[in-house]
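> Numbering (my numbering), first residue to last: 55 to 297. So that we are looking at the same thing, I have put the structure below in structure tokens.
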């Protein structure tokens, strides 16, 4: 029993030492205080922000907690008595983490979280539309450096961005972003397809007509044709006609 008590005491002491000298910016402290009186929500914000500023920060923990703050705790930060920019601090943290070259799996989680947040805002709170726009800007500005991770989540982009077709303020950047994701997805598949190599290797099994049909359906010509149609697309209907 004494050993267990000592072990727990040491664990608590190490935890306290880990966070003792961490500086938390004033705007991050202000965000934490928004949830004063709501123990669970405030604890999540405190733990997440404190870990974020630790020099050896556990990025997985931070991103998962940010997701909880933005999605699970959305009801709280979306209340009428909260500032319209209440979510600005966690969104800025997400942007920094996205640009921080964290693991691709975590950057995918960031992208999915921001997309889900946009859907939450546009479905429930027009007052927070600035935060939806900020989320889309983060994804748009981060696309070039994260395209490989984003295209893995292309279905999430299609699902959530297509909800913005009728949103006058958000539809332009949503269209641009979805088009960029589709463009990069086609480029990836065009450079990854093995149809031509397989047909060349197993050519004796197929007639010339069958080889040509194979290339046209799943080979480079197929993806080149898709890319041309995508480049010419100027409307949501044209964009969504493409796979």
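Where is the CB? At the ideal position from N, CA and C, for every residue including glycine. Predicted model, so just to flag it, every value in this text is computed and none were measured.
1. Run the CB neighbour count on residue 144, radius 10 Å, all protein chains shown included, and call it buried at 16 or more, exposed below.
2. Count the other CB atoms, across all protein chains shown, that sit within 10 Å of the CB of residue 200; report buried if there are 16 or more and exposed otherwise.
3. Residues in its own chain within less than 6 Å of residue 236 by CB, not counting five upstream and five downstream?
4. Using the Cα positions of residue 287 and residue 215, report the straight-line distance between them to the nearest angstrom.
5. What does a CB cutoff of less than 7 Å around residue 242 pick up in its chain, not counting 5 residues either side in sequence?
6. Pull up the CB-CB distance for residue 228 and residue 181, whole angstroms please, since I reckon it's below 8 Å.
7. Beta-carbon within less than 7 Å of residue 166's beta-carbon, same chain only, minus the 5 sequence neighbours each way: which residues are those?
8. Write down every uninterrupted run of the alpha helix (DSSP H) in the region 84-168 whose length is 4 residues or greater and which is fully enclosed by it, in chain order.
9. Can you tell me which of 149, 155, 93 and 212 puts its alpha carbon nearest to the alpha carbon of residue 173?
10. Residue 298 by DSSP, collapsed to three states: which one?
11. Pick out whichever of 111, 161, 189 and 179 has its Cα sitting closest to the Cα of residue 135.
12. DSSP three-state label for residue 283, please.
13. Which residue wins for smallest C-alpha separation from residue 132, given the options 184, 158, 276 and 114?
14. When you compare only the Cα positions, how much space is there between residue 19 and residue 276?
15. Give me, in chain order, the residues of the same chain whose beta-carbon lies closer than 7 Å to that of residue 189; leave out the 5 immediate sequence neighbours on both sides.
16. Go to residue 206, then tell me how far its alpha helix (DSSP H) extends in each direction, as first and last residue.
From the atom records:
1. Within a 10 Å sphere around the beta-carbon of residue 144 sit 16 or more other beta-carbons, which makes this residue buried.
2. Answer is buried; the Cβ neighbour count reaches 16.
3. Around residue 236: 284.
4. Just so you know, the alpha carbons of residue 287 and residue 215 end up roughly 16 Å apart.
5. Taken in chain order, the residues that qualify are 205.
6. The Cβ separation is near 19 Å, so there is no contact.
7. If we look at residue 166 and ignore the five residues flanking it on each side, its Cβ neighbours are 207 and 210.
8. Those alpha helix (DSSP H) runs which fall completely within the region 84-168 and span 4+ residues are 93-106, 113-121, 128-131 and 142-152.
9. Measuring from the Cα of residue 173, the nearest candidate turns out to be 212.
10. Since the first and last residues shown for the chain are 55 and 297, residue 298 lies out of range.
11. Nearest of 111, 161, 189 and 179 to residue 135, Cα basis: 179.
12. Helix at residue 283.
13. When 184, 158, 276 and 114 are compared, the shortest CA-CA separation from residue 132 is found for 184.
14. The chain is shown from 55 up to 297; residue 19 falls before or after that span and cannot be answered.
15. Correct list, in chain order: 145, 168, 171 and 172.
16. Taken as a continuous stretch (DSSP letters only), residue 206 belongs to no alpha helix (DSSP H), as it is neither H nor E.
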